[in-house]
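First comes the structure, then the notes that go with it.
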Amino acid sequence: MVKAITWQDDFLRLIDQTKLPLTTEYIDCRDYQSVAQAIRTMRVRGAPAIGAAAAFGIVLAAKRLLETQPSVNRPDYLALLQTAASELQATRPTAINLFWAVKRMLQRLNEVTTETPAEITRLLEKEAQSIWAEDIAMNHRIGQFGLSLIPEGARILTHCNAGALATAGYGTALGVIRAAHAAGRRISVWVDETRPLLQGARLTAWELLEDGIPVTLITDSMAGYLMQQGKVDLVIVGADRIVANGDVANKIGTYTLAVLAQMHGLPFYVAAPWSTVDLSLSSGTEIPIEERSPEEVRMVAGQCIAPPSVPVYNPAFDLTPSRLVTAIITDRGIIRPPYNESLPELARL
Ligand code: MRU
């Protein structure tokens with residue numbers, strides 16, 4: 333299966349997701365600045381994938397510092413890594429996985445008090461590799477738990493890309509879809525194209541075709557009509573952040589689908605690893621929603637499709653209130669409302 337991120341001992345190799353599906357090009361990041369740039373420009377994207385990439389960004393910061401200053405003292409070493417951490421965290425504000433992964437790396441850094449910078453760098457490298465490997469394992473568990481929610485013959489609607497490309501591997505929403513397909517359920521998938529950046533059309537459609545899972549691409553505005561015609565059995569999406577009351581931030585357009593699903597009496601599922609849960613916020617309204625460049629809306633595939641001077645509003649994510657979420661599928665199990673009770677219960681596991 334495709335790997336969005338691979339650690340190559342001295343550099344981080346990323347698939348350039350802005351070029352898919354027309355060409356498979358790789359970018360080799362040799363310093364943390366190029367990792368930050370790849371996250372900002374969405375060459376690597378998807379909540380768990382940017383978390384794992386940022387963790388390797390910290391390792392690259394440490395490695396490059398040791399090369400230029402082999403005898404760097406501990407305070408200078410720690411200061412440089414703190415700067416790298418801040419720059420990586422400043423790339424995208426919404427997905428909590430980015431902050432979770434960088435925080436975990438800094439915690440590892442602060443735990444070790446006796447080692448030299450060279451030894452700490454080796455420990456950081458191990459930690460980033462664990463973040464990456466654990467993400468794949470969590471996605472497989474999400475897939476196994478989610479299986480119980482996918483009936484034989486289900487026609488599933490998904491949005492954006494919550495697949496192998498958005499994670500270290502396998503995917504969250506697509507992990508559940510993959511698990512159902514592997515279990516022999518004859519499912520089929522409707523994929524929203526997901527304007528403005530077309531992650532559904534470019535990435536999800538490509539991943540599902542590669543896996544031989546039946547997929548049909550629709551534009552974002554077609555979802556309601558399909559539901560009205562009885563052509564959708566359930567909706568499953570990923571998440572960028574899930575807060576204590578169960579509110580979910582995910583790709584712009586997710587809320588619209590949740591409202592439509594409720595209107596048509598369809599289950600609306602969110603699949604995410606525990607690293608996407610942020611119990612420090614009590615309500616979705618506290619989640620910072622990233623706004624991106626107007627050019628992403630005015631342009632498609634490098635072509636301007638609107639008057640170049642038209643004002644544009646481009647929020648990259650929206651908020652789905654927990655009352656619209658039928659269940660959340662995590663690597664620790666499936667939870668249902670009331671989420672302000674079920675989420676803290678999972679936190680104790
Ligand atoms: O802007 P993106 O492409 O990074 O947004 C991605 C999403 O919204 C995904 O649904 C989410 O990160 C979950 S990925 C497992």
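Numbering (this note's numbering), first residue to last: 333 to 681.
C-beta atoms are modelled at their ideal positions from N, C-alpha and C, and glycine is treated no differently.
Values in this document were obtained by computation on a predicted structure and should not be read as measured data.
A distance of 9 angstroms or more separates the beta carbons of A393 and T426. Counted as a single uninterrupted DSSP element, the beta strand (DSSP E) harbouring N582 occupies residues V580 to K583.
One thing to note: G389 has its Cβ no nearer than 9 angstroms to the Cβ of G495. For R473, same chain residues with a beta-carbon under 6 angstroms away, outside a window of 5 residues either side, are D663 in chain order. Taken atom to atom, the span from the alpha-carbon of L346 to that of P353 is near 14 angstroms. In this structure, ligand 1 has no non-hydrogen atom nearer than 8 angstroms to the beta-carbon of R473. G383 and M470 have their C-alpha atoms some 14 angstroms from each other.
Judged by DSSP in its simplified three-state form, Y358 adopts strand. Annotation note: the region 488 to 553 contains the following uninterrupted beta strand (DSSP E) runs of length 3 or greater, listed N- to C-terminal: 520 to 524 and 547 to 550. Per DSSP, reduced to three states, the secondary structure at Q635 is strand. Just so you know, the alpha carbons of P546 and V521 end up roughly 6 angstroms apart. Rounded to the nearest angstrom, the gap between the Cα atoms of C492 and T588 is 13 angstroms.
Three or more Cβ pairs closer than 8 angstroms define a contact, and the region 541 to 561 falls short of that threshold against the region 634 to 641. Residue pairing by DSSP places I666 opposite I661 in a beta bridge. DSSP places F600 inside the beta strand (DSSP E), whose first and last residues are F600 to A603. M333 counts as exposed, since fewer than 16 other C-beta atoms from the protein chains shown sit within 10 angstroms of its C-beta.
At a cut-off of 8 angstroms, the beta-carbon of M374 counts as near ligand 1: some heavy atom of the ligand is closer than that.
One Cα belongs to L529, the other to G556, and the distance between them is close to 21 angstroms. Its chain contains D524, E525, T526, R527 and G585 as the residues whose beta carbon lies nearer than 7 angstroms to that of D552, once the 5 sequence neighbours on both sides are disregarded; these appear in chain order. Shortest Cα-Cα distance from S654 to any of R624, I666, A590 and A387 involves A590. Looking at the DSSP output, L651 bridges to A581. Within the same chain, and ignoring the five residues on either side of T658 in sequence, the residues whose Cβ sits closer than 7 angstroms to its Cβ are P599, F600 and Y601. With a cutoff of 9 angstroms on beta-carbon distance, A603 and A571 are scored as near each other.
Classified as buried, T536 has 16 or more neighbouring CB atoms from the shown chains inside 10 Å of its CB.
Short of 7 angstroms from the beta carbon of A368, and not among the five residues preceding or following it, lie these beta carbons of its own chain, in chain order: G389, E419, L420 and T423.
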